[in-house]
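*Asks:*
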Amino acid sequence: MRGGWTGHEPVETTDSFIPFLTEHGYDVRVEETTAVYADADYLAGVDVVVQTNTMNTIDGDELRGLIAAVGNGTGLAGWHGGIADSYRNSSDYLQLIGGQFATHPAKAAPGELQGDATDNFVRHTIDIVPEKADHPIVAGISDFELTTEQYWVLSDDYNDVLATTTHPARDFDPWHRPVTCPAVWTRLWGEGRIFVSTPGHNLAVVDDPNVRTIIERGILWASR
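For the sequence shown, full-length UniProt numbering begins at 1 and goes up steadily by one.
1. Just to check, is the beta-carbon of G192 closer than 7 Å to a non-hydrogen atom of the ligand NAP?
2. Rounded to whole angstroms, what's the CA-CA distance from Q51 to L63? Just pull it up for me.
3. If you reduce the DSSP assignment to three classes, tell me which class E145 lands in.
4. Just to confirm before moving on: does the CB-CB distance between P199 and I126 stay below 8 Å?
5. Using the C-alpha atoms, what's the distance from V161 back to A133?
6. In the DSSP assignment, find the unbroken beta strand (DSSP E) run with F121 in it and report its ends.
7. Once DSSP output is grouped into helix, strand and coil, what is the label at H8?
8. Mapping the DSSP letters down to three states, classify S197 as helix, strand or coil.
9. Rank T164, V129, F144 by C-alpha distance to the C-alpha of N210 and give the top, closest one.
10. Decide if the segment 159-176 is in contact with the segment 70-85; the criterion is three or more beta carbon pairs, one per stretch, under 8 Å apart.
11. Sort out for me which residues DSSP pairs T52 with in a bridge.
12. Report the three-state DSSP secondary structure of Q95 (helix, strand or coil).
13. Contact between the segment 204-223 and the segment 100-113: three or more CB pairs below 8 Å?
14. Helix or strand or just coil, what does DSSP make of residue 233?
15. Give the range of the alpha helix (DSSP H) segment to which D41 is assigned.
16. Can you check whether the CB of I128 is closer than 8 Å to the CB of D92?
17. Going by the CB atoms, is the gap between G99 and T54 shorter than 8 Å?
18. For Y42, count neighbouring Cβ atoms within 10 angstroms of its own Cβ and tell me buried if that reaches 16, exposed if not.
19. Taking the alpha carbon of T118 as the point to measure from, which residue in M1, R2, G7 has its own alpha carbon closest?
Written out as structure tokens, the structure reads:
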């Protein structure tokens, strides 16, 4: 289910995973709106929803349908703003996902910025949580670096956090100490499984071998 802000390349990124899903035996249906979430009979037969839908809205019936489907065993997986910044109008969605995008700090002080999207592309590390290093989603993956948006997310401790990222406290930042946020996590909801990767700004980031491996494994892990 894809849509929302086109800067996250929802069509290009989701298209890039369709061959992987087909190879693993899935029949893939592509939806461009959230209306499908209100179709309870259809969702009852869906193994996993892959969602990339940034800064959009969702109707009450659609959200209730999605939450019910996950509770009944349909998996939910996604990356970046397509899952962690989807429906700002809904606190129930925030509770379901377990994390909400708050910001992506700029790479320099305000007077030193260029005024384009690259202002938010910072070099940062995705740190695999040592205690989770054998989890099937991150097994065999070491800490790795990316130059892209570094998500600061608001979250709760019901998440099973597999990887984190730490925002430094620079001279021009208003916060006073480094802040560590979840970067990859899973969440159990009723009979369903949820997977979130905050790396995945666009196709170039999704194509990073570590990011793609984590997302592919996350989709499989979340599937019914």
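Ideal Cβ positions, reconstructed from N, Cα and C, are used throughout, including at glycine. Here the structure is a predicted model, which means the values were calculated and not measured.
*Replies:* Looking at the atomic coordinates:
1. As for the ligand NAP, it is missing from this structure, which has no ligand bound.
2. Each residue's alpha carbon lies about 13 Å from the other.
3. strand
4. yes
5. 11 Å
6. Element bounds for F121: n/a, residue is neither H nor E.
7. In the three-state DSSP reduction, H8 falls in the helix class (H, G or I).
8. strand
9. F144
10. Note that the segment 159-176 does not touch the segment 70-85; fewer than 3 beta-carbon pairs, one per stretch, sit closer than 8 Å.
11. R2
12. helix
13. No, they do not touch.
14. With the chain covering only 1 through 224, there is no way to say anything about residue 233.
15. 40-43
16. no
17. no
18. With fewer than 16 other Cβ atoms within 10 Å, it is exposed.
19. Of the residues M1, R2, G7, the one whose Cα lies closest to the Cα of T118 is G7.
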